[in-house]
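First the structure, in the form of structure tokens, and then the observations on it.
Protein chains: 2
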Amino acid sequence: MSDRAAKGSPTLEDVAREAGVSRATVSRVINGIRNVDPSIQDVVRRAIATTGYVPNRAARSLVTRRADTVALVVSGAGADEGGEAGDEDGPGTPFRGQLLADPFFGRISAGVVDFLRRRAMHPVLMLADSTDARKQVVSYLRQGHADGALLVSIHADDPLPETLVAAGVPCVLFARPPRPVPVSYVDLAHRDGGRLAADHLVARGRQHIASITGPLDVLASQDRLAGFRDALARHGHPYVPCEEGNFTLESGERAMSALLERHPEVDGLFVANDLMAQGALHVLRERGRAVPDDVAVVGFDDSSAALSCRPALTTVRQPVEEMAAEMTRLLLERVDQPGARPTSVIFEPALVARQSA
Amino acid sequence: MSDRAAKGSPTLEDVAREAGVSRATVSRVINGIRNVDPSIQDVVRRAIATTGYVPNRAARSLVTRRADTVALVVSGAGADEGGEAGDEDGPGTPFRGQLLADPFFGRISAGVVDFLRRRAMHPVLMLADSTDARKQVVSYLRQGHADGALLVSIHADDPLPETLVAAGVPCVLFARPPRPVPVSYVDLAHRDGGRLAADHLVARGRQHIASITGPLDVLASQDRLAGFRDALARHGHPYVPCEEGNFTLESGERAMSALLERHPEVDGLFVANDLMAQGALHVLRERGRAVPDDVAVVGFDDSSAALSCRPALTTVRQPVEEMAAEMTRLLLERVDQPGARPTSVIFEPALVARQSA
DNA sequence: GTGAAAGCGCTAACAC
DNA sequence: GTGTTAGCGCTTTCAC
Numbered sequence: 001m002s003d004r005a006a007k008g009s010p011t012l013e014d015v016a017r018e019a020g021v022s023r024a025t026v027s028r029v030i031n032g033i034r035n036v037d038p039s040i041q042d043v044v045r046r047a048i049a050t051t052g053y054v055p056n057r058a059a060r061s062l063v064t065r066r067a068d069t070v071a072l073v074v075s076g077a078g079a080d081e082g083g084e085a086g087d088e089d090g091p092g093t094p095f096r097g098q099l100l101a102d103p104f105f106g107r108i109s110a111g112v113v114d115f116l117r118r119r120a121m122h123p124v125l126m127l128a129d130s131t132d133a134r135k136q137v138v139s140y141l142r143q144g145h146a147d148g149a150l151l152v153s154i155h156a157d158d159p160l161p162e163t164l165v166a167a168g169v170p171c172v173l174f175a176r177p178p179r180p181v182p183v184s185y186v187d188l189a190h191r192d193g194g195r196l197a198a199d200h201l202v203a204r205g206r207q208h209i210a211s212i213t214g215p216l217d218v219l220a221s222q223d224r225l226a227g228f229r230d231a232l233a234r235h236g237h238p239y240v241p242c243e244e245g246n247f248t249l250e251s252g253e254r255a256m257s258a259l260l261e262r263h264p265e266v267d268g269l270f271v272a273n274d275l276m277a278q279g280a281l282h283v284l285r286e287r288g289r290a291v292p293d294d295v296a297v298v299g300f301d302d303s304s305a306a307l308s309c310r311p312a313l314t315t316v317r318q319p320v321e322e323m324a325a326e327m328t329r330l331l332l333e334r335v336d337q338p339g340a341r342p343t344s345v346i347f348e349p350a351l352v353a354r355q356s357a
Numbered sequence: 001m002s003d004r005a006a007k008g009s010p011t012l013e014d015v016a017r018e019a020g021v022s023r024a025t026v027s028r029v030i031n032g033i034r035n036v037d038p039s040i041q042d043v044v045r046r047a048i049a050t051t052g053y054v055p056n057r058a059a060r061s062l063v064t065r066r067a068d069t070v071a072l073v074v075s076g077a078g079a080d081e082g083g084e085a086g087d088e089d090g091p092g093t094p095f096r097g098q099l100l101a102d103p104f105f106g107r108i109s110a111g112v113v114d115f116l117r118r119r120a121m122h123p124v125l126m127l128a129d130s131t132d133a134r135k136q137v138v139s140y141l142r143q144g145h146a147d148g149a150l151l152v153s154i155h156a157d158d159p160l161p162e163t164l165v166a167a168g169v170p171c172v173l174f175a176r177p178p179r180p181v182p183v184s185y186v187d188l189a190h191r192d193g194g195r196l197a198a199d200h201l202v203a204r205g206r207q208h209i210a211s212i213t214g215p216l217d218v219l220a221s222q223d224r225l226a227g228f229r230d231a232l233a234r235h236g237h238p239y240v241p242c243e244e245g246n247f248t249l250e251s252g253e254r255a256m257s258a259l260l261e262r263h264p265e266v267d268g269l270f271v272a273n274d275l276m277a278q279g280a281l282h283v284l285r286e287r288g289r290a291v292p293d294d295v296a297v298v299g300f301d302d303s304s305a306a307l308s309c310r311p312a313l314t315t316v317r318q319p320v321e322e323m324a325a326e327m328t329r330l331l332l333e334r335v336d337q338p339g340a341r342p343t344s345v346i347f348e349p350a351l352v353a354r355q356s357a
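For the protein sequence lines, the chains are X and B, in the order given. Counting from 1, one number per residue, gives the positions in the first sequence under full-length UniProt numbering. Counting from 1, one number per residue, gives the positions in the second sequence under full-length UniProt numbering.
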């Protein structure tokens, strides 16, 4: 209601004068410090209301040395082209927006935003997809505009985690870093996810089980496959035909075609993410293989793609929003106690049974 | 490299001492103000390098009264449940993350981030999906943490545009507000989009043309339909069977079923967004109607859904990233000259021909 | 062309 | 329990 465009918004001083107390007292009331007489609290609160006072963040930050803001950094390697973020905008179109347009990242943001706003905080969105952009991120953080960084790394060879840690910036990663870095992270028990998929396919009576994996230089892909293989071995399946994809729909189609060529007998399939699974479904339909009757398909992520497929995808759910919330909690904790040693929190996946398997 | 965790990072004072000049001079060099002897500039720059100085944003903001940050606000009405943001996470699951997980919103973020970072700025992400959250947004902006707001409104009855304008917060909307508000916005020429779809279907020789519309309380839906109808009328089609959806996949399926029931003769279809079109495709396939031979389908948006469909969707492309970039440009302009009167910038859609029509 | 000095609005010792 | 006071690090007149 009050006019922000006016000469100047009211300051602590104004409120203090109005209330007939000192700035310090007003400050105490605002910051919820006890030691203030209830009746005076009332007077102050009334003065705040009548003046329309709003604290100035810059002034506060200057003295508290806190921005009360965190950065949400989506980070790739030198070039572009997303991995898990492989929601392509067109064949061969290395579209810049790719990373952010990925619903997977959207789920992360959702978890972060939802957690932060309870603390009246909000994330600053940053894209670090080039050397330059990475420098910008570091400089931005060093300027103190944010108290720390939530880092979602797309590429295995992303240098940002190390850079940030070296610069002394508090940060928490969304997944275990490929190279060991003394930093906190949240992650999924990807192996367990693979096991879940294997158990489900076996329970469905599948005999010829194969997999379309993610890029094998990504830890998550390796782990999903390893868990899947181990569980199958335990069920008496010593060998799992595999085809490597890169998390995009097109790569799922390619991998499915290749797999069908080499192993036409396949009747059970684990695909390392939903988007590739959707591609696999396309190819199976073209080839006249019924899903789930001829081939049972299990995806991974439980993304929106899983729901928009027909048949709807049975898939391994990552609790991405919860993971993101926990990542945020860890960061805030770390900002409060910069000394503490890094921790990790691992989440369990769950199988979501739909029509495809 | 320098240790941020150390006692305190270097200040202007430190640099000044190192360079043997005054704070003012260092400040001038940093802010690129002339009137500084080139040789002294060099000395200062060297001092900056050796001290590892980084300006403190809070201190700067305090005196410039600029945050050099903008807010990107995704705003719904009281409850949740997205319109254009209808990328549902499950039938009947009013998932909070919905809005942010929508690739449409992702494209907007991408455009915004991409534009801002050239100015070394980054957006603060805020979700305003409840009365409380809306208050938080206003308060946050009034605290001066951001210089203005980019507003992406999902619902027709969103009160935020008016609130923000009334509070004197510079802002720019992503689409024309339903109720007249003196505020700048960018938008698409939705009517032209409808016309594009109509012309294309007619050119493909379709005789029985129908439409699945978006929610008709949304201006964009109305305009897309109006443009579509007008163009068809010009081609001698006086009547267009319609079914209303709500931008979700499921609603597309429902609408398609209803349409097929009432108008089995349909051979051409315009769907107001790609996600509903994907749903329509599912139903058509179930019913044994070949696309595009039996029924030609044109979508809207050119989202990732259009590419993940089979057949791939012919659709009307919105240049969302460019629109978002322009929206950002308008906001920055407005922040610089708060007096200027509002403007609007309307973008033209383009037909992207793929397999479905 | 450069320096000195006055704040920006707030918090946090420290006195009382 | 409350007021006084000293800055936080920066920009920006205003002298020189």
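Don't be surprised by glycine CBs; every beta carbon is placed ideally from N, CA and C.
For this session: Check whether the Cβ of residue 319 (chain B) lies closer than 9 Å to any Cβ atom in chain X.
Result: Here the question's residue 319 (chain B) lines up with position 319 in the second sequence. So no, residue 319 (chain B) is outside the interface.
For this session: Verify whether the separation of the beta carbon atoms of residue 10 (chain B) and residue 143 (chain X) is less than 9 Å.
Result: Residue numbering aside, residue 10 (chain B) sits at position 10 when the second sequence is read from its first letter. Residue numbering aside, residue 143 (chain X) sits at position 143 when the first sequence is read from its first letter. Contact: no.
Exercise. Would you say residue 151 (chain B) reaches chain X, if we count a Cβ-Cβ gap shorter than 9 Å as a contact?
Worked result: The residue labelled residue 151 (chain B) in the question sits at position 151 within the second sequence. False, the Cβ-Cβ gap to chain X never drops below 9 Å.
Problem set entry | Beta-carbon proximity of residue 178 (chain X) to residue 219 (chain X), cut-off 9 Å | Residue mapping note: residue 178 (chain X) aligns to position 178 of the first sequence, counting from 1. Residue mapping note: residue 219 (chain X) aligns to position 219 of the first sequence, counting from 1. Yes, the Cβ-Cβ distance between residue 178 (chain X) and residue 219 (chain X) is below 9 Å.
Exercise. In the stretch 136-161 of chain B, which residues sit with their C-beta less than 8 Å from some C-beta in chain X, listed in chain order?
Worked result: 136, 139, 140, 142, 143, 144, 145
Exercise. Can the beta-carbon of residue 293 (chain X) be found less than 9 Å from the beta-carbon of residue 315 (chain X)?
Worked result: Against the first sequence, residue 293 (chain X) aligns to sequence position 293. Against the first sequence, residue 315 (chain X) aligns to sequence position 315. No, Cβ-Cβ distance for residue 293 (chain X) and residue 315 (chain X) is not below 9 Å.
Exercise. Are residue 328 (chain X) and residue 104 (chain X) touching if we call contact CB-CB under 9 Å?
Worked result: The residue labelled residue 328 (chain X) in the question sits at position 328 within the first sequence. The residue labelled residue 104 (chain X) in the question sits at position 104 within the first sequence. For residue 328 (chain X) and residue 104 (chain X), no; Cβs fall outside 9 Å.
Exercise. Alpha helix (DSSP H) containing residue 317 (chain B): first to last residue?
Worked result: Your numbering for residue 317 (chain B) matches position 317 in the second sequence. Run containing residue 317 (chain B): none in the alpha helix (DSSP H); it sits in the beta strand (DSSP E), 314-317.
Exercise. Okay, do the stretch 12-31 of chain B and the stretch 338-357 of chain X touch, 3+ Cβ pairs below 8 Å being the bar?
Worked result: no
Exercise. Residues in its own chain within less than 6 Å of residue 206 (chain B) by CB, not counting five upstream and five downstream?
Worked result: The residue you call residue 206 (chain B) lines up with position 206 of the second sequence. So the qualifying residues of the chain are 267, 268, 296.
Exercise. At what residue ranges does the stretch 289-328 of chain X contain a whole run of the beta strand (DSSP E), taking only runs of 3 or more?
Worked result: 296-301, 314-317
Problem set entry | The beta strand (DSSP E) enclosing residue 147 (chain X), as first and last residue numbers | If you number the first sequence from 1, residue 147 (chain X) lands on position 147. Careful: residue 147 (chain X) lies outside any beta strand (DSSP E) and carries neither H nor E.
For this session: Measuring only between beta-carbons, confirm whether residue 105 (chain B) sits less than 9 Å from chain X.
Result: Within the second sequence, the letter at position 105 stands for residue 105 (chain B). So, interface residue.
Exercise. Beta-carbon separation of residue 323 (chain X) and residue 108 (chain X) under 9 Å?
Worked result: Working through the first sequence from its first residue, we reach residue 323 (chain X) at position 323. Working through the first sequence from its first residue, we reach residue 108 (chain X) at position 108. Cβ atoms of residue 323 (chain X) and residue 108 (chain X): closer than 9 Å.
For this session: For the beta strand (DSSP E) containing residue 47 (chain B), list its first residue and its last residue.
Result: Within the second sequence, numbered from 1, the residue matching residue 47 (chain B) stands at position 47. Note, residue 47 (chain B): premise wrong, no beta strand (DSSP E); alpha helix (DSSP H) at 38-51.
Problem set entry | Amino acids of chain B, ordered along the chain, whose beta-carbon sits closer than 8 Å to that of residue 102 (chain X) | Sequence index remark: in the first sequence, residue 102 (chain X) carries index 102 (1-based). Under the 8 Å cutoff, chain B gives 103, 106.
For this session: Answer yes or no: does any C-beta atom of chain B fall closer than 9 Å to that of residue 273 (chain X)?
Result: The residue you call residue 273 (chain X) lines up with position 273 of the first sequence. Chain B, which has no Cβ nearer than 9 Å to the Cβ of residue 273 (chain X), makes this no.
Exercise. Using the rule of at least 16 other Cβ atoms within 10 Å of the residue's Cβ for burial, across every protein chain shown, is residue 273 (chain B) buried or exposed?
Worked result: The sequence position of residue 273 (chain B) within the second sequence is 273, counting from 1. With 16 or more other Cβ atoms within 10 Å, it is buried.
For this session: Taking only beta carbons into account, state which residues of the UniProt domain "HTH lacI-type" (10-64) of chain B come closer than 7 Å to chain X, listed in chain order.
Result: 54, 55, 56, 57, 58, 59, 61, 62
Problem set entry | Integer-rounded CB distance, given that residue 197 (chain B) should sit under 8 Å from residue 247 (chain B) | Translated into the one-based positions of the second sequence, residue 247 (chain B) becomes position 247. Translated into the one-based positions of the second sequence, residue 197 (chain B) becomes position 197. Wrong, their Cβ atoms sit about 16 Å apart, outside the cutoff.
Problem set entry | Where residue 175 (chain X) meets chain B, residues with beta-carbon distance less than 7 Å | Sequence index remark: in the first sequence, residue 175 (chain X) carries index 175 (1-based). Chain B residues near residue 175 (chain X): none, gap ~19 Å exceeds 7 Å.
Exercise. So is residue 161 (chain X) buried or exposed if we call it buried at 16+ other beta carbons inside 10 Å?
Worked result: The count along the first sequence starts at 1 and reaches residue 161 (chain X) at position 161. Buried.
Exercise. Excluding five sequence neighbours on each side, which residues of the same chain lie with their C-beta closer than 8 Å to the C-beta of residue 45 (chain B)?
Worked result: By 1-based counting over the second sequence, the position of residue 45 (chain B) is 45. 29.
For this session: Check each residue of the stretch 123-135 of chain B: if its Cβ is closer than 8 Å to any Cβ of chain X, include it; give the result in chain order.
Result: 123, 124, 125, 126, 127, 133
Exercise. Who are the Cβ neighbours of residue 265 (chain B) in its own chain at under 7 Å, not counting the five residues just before and after it?
Worked result: For this step, residue 265 (chain B) is matched to residue 265 along the second sequence. Result list for residue 265 (chain B): 208, in chain order.
Exercise. Which stretch, first to last residue, makes up the beta strand (DSSP E) that contains residue 243 (chain B)?
Worked result: Locating residue 243 (chain B) in the second sequence gives position 243, where the first residue counts as 1. Residue 243 (chain B) -> beta strand (DSSP E) spans 242-244.
Problem set entry | Test: residue 358 (chain X) CB closer than 9 Å to a CB of chain B | There is simply no residue 358 (chain X) to check, as chain X begins at 1 and stops at 357 in what is shown.
Problem set entry | Whole-Å CB distance - residue 312 (chain B) paired with residue 356 (chain B), under 8 Å assumed | Residue mapping note: residue 312 (chain B) aligns to position 312 of the second sequence, counting from 1. Residue mapping note: residue 356 (chain B) aligns to position 356 of the second sequence, counting from 1. Yes, they are in contact, since the Cβ atoms of residue 312 (chain B) and residue 356 (chain B) sit about 7 Å apart, within 8 Å.
Exercise. So, are the CB atoms of residue 210 (chain B) and residue 125 (chain B) less than 9 Å apart?
Worked result: Against the second sequence, residue 210 (chain B) aligns to sequence position 210. Against the second sequence, residue 125 (chain B) aligns to sequence position 125. No, the pair does not count as a contact, with Cβ atoms beyond the cut-off.
For this session: Would you give the residue range spanned by the alpha helix (DSSP H) that residue 99 (chain B) belongs to?
Result: Taking the second sequence and counting its residues from 1, the one referred to as residue 99 (chain B) is at position 99. Taken as a continuous stretch (DSSP letters only), the alpha helix (DSSP H) holding residue 99 (chain B) covers 98-101.
Exercise. Residue 190 (chain X): which of X:166, X:201, X:222, X:164 sits nearest, CA to CA?
Worked result: Mapped onto the first sequence, residue 190 (chain X) falls at position 190. Comparing Cα-Cα distances from residue 190 (chain X) to each of X:166, X:201, X:222, X:164, the minimum goes to X:222.
Exercise. DSSP state of residue 279 (chain X), grouped into three classes?
Worked result: Along the first sequence, read from residue 1 onward, the residue named residue 279 (chain X) stands at position 279. DSSP places residue 279 (chain X) in helix when its eight states are reduced to three.
Problem set entry | Expected contact under 8 Å - CB spacing of residue 150 (chain B) and residue 123 (chain B) to nearest Å | Residue mapping note: residue 150 (chain B) aligns to position 150 of the second sequence, counting from 1. Residue mapping note: residue 123 (chain B) aligns to position 123 of the second sequence, counting from 1. That pair is a contact at about 7 Å.
Problem set entry | Between the CA atoms of residue 14 (chain X) and residue 112 (chain B) - distance to the nearest angstrom | What you label residue 112 (chain B) is simply residue 112 of the second sequence in a count that begins at 1. What you label residue 14 (chain X) is simply residue 14 of the first sequence in a count that begins at 1. Distance between the alpha carbons of residue 112 (chain B) and residue 14 (chain X) is about 37 Å.
Problem set entry | Contacts of residue 113 (chain X) in chain B (Cβ-Cβ under 7 Å) | Here residue 113 (chain X) corresponds to residue number 113 of the first sequence, with the count starting at 1. Per Cβ cutoff of 7 Å: 100, 125, 127.
Problem set entry | Residues bridged to residue 126 (chain B) (per DSSP) | The residue you call residue 126 (chain B) lines up with position 126 of the second sequence. Paired residue(s): B:73.
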